[in-house]
Amino acid sequence: MSRFTLPRDIYYGKGCLETLKTLKGKRAVLVLGGGSMKRFGFVDQVVRYLKEAHIEVQLFENVEPDPSVETVMVGAQFMREFEPDWIIAMGGGSPIDAAKAMWAFYEYPDTTFEDLITPFNFPELRTKARFLAIPSTSGTATEVTAFSVITDYAKGIKYPLADFNITPDIAVVDPLLAETMPPKLTAHTGMDALTHAIEAYVSTLNSPFTDPLALKAIHMVFDYLPASYEGDKEAREQMHYGQCLAGMAFSNALLGIVHSMAHKTGAAFSTGHIPHGCANAIYLPYVIQFNAQCAEKRYADIARFVGLEGESDKELVQKLCEKIDDYNVKLGIPKTLKEFGINEEEFKAKVSEIAKLAVGDACTGSNPRSITPSEMERLLTCTYYGNKVEF
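Per this note's numbering: the sequence shown ends with 541, consecutive numbering throughout.
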């Protein structure tokens, strides 16, 4: 038996933030990242709408990029003291992901972080609060997914938490918030969305329910990301919807080793943190080359769907990789980890352990081709030097 889970309601369109006026409840915690949502006036809007709904609001602010275990625990304690019946998270993937994890510790104070690392092992939520997510970036799609990524900086590891319990009850997908993204963030989140959709389509858990969402999302990213990067508002709106479709697909079909690699390398190197979407964009063409041994037809289907031409499935897969490479160039994304700036000696010293951790990542299980730690080490080495994957 399989399962397909989405939020109860998804509101979308310019100005749909106003739907917060209709919420029923008594108290809400609004979880935020940096100051951008305040600077652009969106926090004031949310607070005003919630007050119109007669809901008392407290803010939990300054969730860092790639939120830490420590931030999650502080936020959960904040919630236990205020006792909200709504948890509302607004911003990029970081505050929404953090709020999802806070939610579990708010409702179950005795739960440990180690308990939640096991995929689909969360306790039953909604005993104290429901969850509403408002994304301001067009990539993570955490507003519609069963996932949260939390970083243990002491260990240098990102943990993907997974459970249908943390799928938000309501997603408010207002493209006006996405208009505030700077170009680099637009590029990274856009390629994150593309990776979500491609990995969902070739996942071992793909289905007739997820395939149409994944393919449409891929088409929308290829159609709109370059113009969105240049600041076109119509393209920004379409990207905001496209990334949401990608989220619906991968939340139910799961992901693959592009994400396994990104999770385990993002915080691993002292010479430079790799933003999640940037890491995905670097790794994606190499992983397609590796996976094509088992998923060539699926990748070729994607290539045909977006209008690429080739004499064979193999040629179509090559064309798809070339198209992704071309987009990375347009978006100012490096082709290799070396080009990104990762120190070669540190990479060599750490790659074996990173490879083991990546193979053990929750996303590896649904990758279309199985992989051993030694193969993962070879694959990561290809991404460092820019070598073609031929194994």
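Yeah, the Cβ is synthetic: ideal placement off N, Cα and C, and Gly gets one too.
Which first and last residues belong to the alpha helix (DSSP H) in which residue i is found?
i, result
"Thr301", "Unbroken run through Thr301 is the beta strand (DSSP E), Phe297 to Asp302; no alpha helix (DSSP H)."
"Ala321", "It is not in any alpha helix (DSSP H) - Ala321 instead sits in the beta strand (DSSP E) that spans Ile320 to Val323."
"Phe228", "Val219 to Phe232"
"Leu530", "Pro523 to Tyr535"
"Pro333", "Pro333 to Val352"
"Val193", "Phe192 to Glu202"
"Arg189", "Ser186 to Arg189"
"Asp159", "Taken as a continuous stretch (DSSP letters only), Asp159 belongs to no alpha helix (DSSP H), being part of the beta strand (DSSP E) at Asp159 to Tyr162."
"Phe263", "Phe263 to Ile267"
Closest by CA to residue i, which one among the options?
i, options, result
"Thr339", "Ile246, Thr301, Gly289 and Ser462", "Gly289"
"Cys428", "Glu446, Thr486, Glu465 and Ala450", "Thr486"
"Thr421", "Tyr351, Glu494 and Ile300", "Glu494"
"Glu206", "Lys174, Thr169 and Ala350", "Lys174"
"Asp361", "Tyr374, Ser298, Leu405 and Asp382", "Leu405"
"Ala347", "Asp302, Phe255 and Ala431", "Ala431"
"Ala445", "Val456, Ile424 and Gln468", "Gln468"
"Lys188", "Ile160, Met240, Lys305 and Glu202", "Met240"
"Lys366", "Phe154, Ala418, Gly457 and Phe497", "Gly457"
"Arg177", "Glu211, Phe232 and Asp194", "Phe232"
"Ala304", "Ala350, Phe419, Phe210 and Pro484", "Phe419"
"Ala296", "Tyr256, Thr262 and Ala249", "Ala249"
"Arg280", "Arg198, Arg158 and Leu395", "Arg158"
"Gly163", "Asp235, Asn402 and His390", "His390"
"Val181", "Ala251, Gly381 and Pro484", "Ala251"
"Cys267", "Asp235, Gly536, Lys308 and Asp260", "The amino acid at residue 267 is misidentified as Cys; the sequence shows Ile. When each option's Cα is compared against that of Ile267, the closest is Lys308."
"Pro333", "Asn356, Pro376, Val371 and Ala364", "Pro376"
"Pro325", "Glu472, Pro273, Gly165 and Phe314", "Gly165"
"Ser152", "Phe314, Gln443 and Tyr256", "Phe314"
"Asp342", "Arg454, Leu327, Phe455 and Pro435", "Pro435"
"Lys383", "Ile424, Leu327 and Ser401", "Leu327"
In whole angstroms, what separates the C-alpha of residue i from that of residue j?
i, j, result
"Ile503", "Lys414", "The question names Ile, yet the displayed sequence has Glu at residue 503. The alpha-carbon atoms of Glu503 and Lys414 are separated by roughly 10 Å."
"Tyr477", "Ser516", "26 Å"
"Thr354", "Leu156", "20 Å"
"Cys532", "Ala254", "39 Å"
"Lys506", "Pro523", "5 Å"
"Val501", "Gly183", "31 Å"
"Gln227", "Glu465", "54 Å"
"Val196", "Leu170", "7 Å"
"Ala412", "His426", "6 Å"
"Ala283", "Glu461", "45 Å"
"Ile160", "Glu540", "43 Å"
"Ile438", "Ala203", "48 Å"
"Asp216", "Gln388", "25 Å"
"Asp319", "Phe270", "17 Å"
"Ile474", "Met526", "21 Å"
"Glu489", "Leu395", "31 Å"
"Pro358", "Ala403", "10 Å"
"Glu214", "Pro285", "15 Å"
"Ser410", "Val479", "23 Å"
"Tyr433", "Thr172", "43 Å"
"Glu459", "Lys498", "39 Å"
"Asp260", "Ala450", "48 Å"
"Val618", "Pro273", "Because the chain here runs from 151 to 541, residue 618 falls outside it and cannot be looked at."
"Pro310", "Ala512", "7 Å"
"Glu168", "Val323", "11 Å"
"Phe154", "Asn212", "33 Å"
Since residue i contacts residue j with CB under 8 Å, what's their CB separation in whole angstroms?
i, j, result
"Val179", "Ile246", "The Cβ separation is near 13 Å, so there is no contact."
"Asn441", "Arg528", "That belief does not hold up - the Cβ atoms of Asn441 and Arg528 are roughly 14 Å apart, past 8 Å."
"Leu344", "Ile368", "6 Å"
"Phe190", "Thr330", "5 Å"
"Tyr379", "Leu481", "6 Å"
"Glu293", "Ala321", "4 Å"
"Gly225", "Thr287", "Incorrect: roughly 20 Å between the Cβ atoms, too far for contact."
"Tyr374", "Ile452", "Contact doesn't hold; Cβ gap of about 17 Å is too wide."
"Glu349", "Val408", "6 Å"
"Asp302", "Val219", "5 Å"
"Gly392", "Met370", "3 Å"
"Lys278", "Glu264", "About 22 Å separates the two Cβ atoms, so there is no contact after all."
I'd like the span of the beta strand (DSSP E) that includes residue i, first residue to last.
i, result
"Lys308", "Ile307 to Ala312"
"Glu206", "Glu206 to Phe210"
"Ile237", "Trp236 to Gly241"
"Ala412", "From DSSP, Ala412 is part of no beta strand (DSSP E) but of the alpha helix (DSSP H) over Ile407 to Thr415."
"Leu110", "Given a span of 151 to 541 for the chain in the structure shown, any question on residue 110 remains unanswerable."
"Pro285", "Arg280 to Pro285"
Under 8 Å between C-beta atoms, does residue i make it to chain C?
i, result
"Pro325", "The chain labelled as chain C is not found in the depicted structure, where only one protein chain is given."
I'd like the ranges of any alpha helix (DSSP H) spanning at least 4 consecutive residues and lying wholly in the segment 431–517. 463–480, 487–490 and 494–509
Entirely enclosed alpha helix (DSSP H) segments - the segment 360–386, minimum 4 residues: 361–379
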